[in-house]
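Shown next, in structure tokens, is the structure this report addresses.
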Amino acid sequence: MRPDLHGVTINPFAGNGEITVLFAGNNRTPPLHQVGPHVLGYHLVHLVVSGKGSLTSRGTRRELKAGDCFFIYPGELAGYGSDETEPWSYRWIGFRGTEVDYRLRELGVEPDSPVLEGGGTRRANVLFWRVQDALRTGGPGCDLKAGANLRLIFGEWADRQMDQREGEGSRGRLEEAETSRRMEHAARYLALQYHRPVSMDELAKETGYHRAYLSRMFKKATGQSPAQYLLKLRMERARQLLSEPLTIGQIAASVGFADPFHFSRQFKKWHGCSPSELRVQKLGMEHFQPES
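In this note's numbering, the protein residues as written are 1 to 292.
Here it is in structure tokens:
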């Protein structure tokens, strides 16, 4: 799918989230067409549809061809230009978000290695077009549609990376990366489910590991056992909730304790004082008397 001569479409509903599309565009460049060098305030990715060109960043010039993707990071001085005899056509997406750097690192993309060779698959090309098409269509839903397609692009790249690594026979690195991914998933699972009873059997089933192996790998990754990590989440959240108009029993229930007295004992072990004492001593709520 070859891009039109030139076009850019802005997201009128762009907010702040995990991965947010700001704009998308396309260009069929003339020979020796140059952009920058300049510094941007967001992430920018280009997918080279045809032709050739080069990217210069951090003092390194990288030659690029059809099927490659290159990334420009916020705050990084970078410039890029088309070849004299085979000027490139490309699509681009500007984006930002709290998850972006993490997702790019998973792909092996960083400021020192900003090229994803072969990332411009046929499906990725179609998805780039869909991002821009969603923005062209407009309406309140365009932000969600564009963001969803950008996530599909990241998913396409992740699948491709996995296939490549398997083809290279890097079994040990793959297993290590998979274990790391599952431990991150386990930590996120606990962070989202601390408000209710969570057993080791449940967490083991969620990650697909045996309980003993899960506990060992989780401690290696976080420095704490799953039970310790869960207790930390609960105690930190309980401390935050003390500033809210809630009873101790309500706070206990909100962090996964059915018994307020057991909660208070655990809280005192963790913080060195009872919830009521901390509410008075640390938060200055000596006159706070919530309804039971």
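Cβ atoms here follow ideal geometry from the backbone N, Cα and C, with glycine treated the same way.
Item	Value
Which same chain residues end up closer than 6 angstroms to A221 when comparing Cβ atoms and leaving out the 5 residues on each side of it in sequence?	M183
Between R216 and the rest of its own chain, which residues show a CB-CB distance below 7 angstroms, the 5 nearest in sequence each way excluded?	none
Should I10 be labelled buried (16 or more other beta-carbon atoms within 10 Å of its own) or exposed?	exposed
Where does F261 land, buried or exposed, given buried means 16+ other C-beta within 10 angstroms?	exposed
Look up T56 in the DSSP assignment and say whether it is helix, strand or coil.	strand
Roughly how far, in whole angstroms, is the beta-carbon of F128 from the beta-carbon of Y42, given that I think they are within contact range, below 8 angstroms?	Their Cβ separation, rounded to whole angstroms, is 17 angstroms, which puts F128 and Y42 out of contact at 8 angstroms.
Write down the C-beta distance between Q161 and L107 rounded to the nearest angstrom, noting that I regard them as a contact closer than 8 angstroms.	6 angstroms
So, using beta-carbon positions, are V126 and D68 closer together than 8 angstroms?	no
What residue ranges within the stretch 96-181 form continuous alpha helix (DSSP H) runs of no fewer than 4 residues, ordered along the chain?	100-106, 122-137 and 142-167
What does V8 pair with, by DSSP beta-bridge criteria?	G25
Check whether the Cβ atoms of S54 and L77 sit closer than 8 angstroms, and answer yes or no.	no
Quick check on this structure: which residue in E86, T85 and F71 has the alpha carbon closest to the alpha carbon of G79?	F71
Let's test the definition: count the other Cβ atoms within 10 Å of the Cβ of S89 and tell me whether it reaches 16, buried, or not, exposed.	buried
Distance check for I248 and S276, CA to CA, integer angstroms please.	8 angstroms
Quick check: what's the CA-CA separation for L241 versus K268?	15 angstroms
Taking 8 angstroms as the cut-off, does the stretch 13-30 touch the stretch 132-150 (at least 3 CB pairs, one atom from each stretch)?	yes
Since I believe G120 is in contact with V49 (beta carbons under 8 angstroms), could you give me their beta-carbon distance rounded to a whole number of angstroms?	7 angstroms
Between the beta-carbon of L293 and the beta-carbon of L231, is there less than 8 angstroms?	Because residue 293 is not part of the residues shown, which for the chain are 1 to 292, the question remains open.
For E206, which option in E236, E18, L190 and S264 has the closest C-alpha, if you only look at C-alpha atoms?	L190
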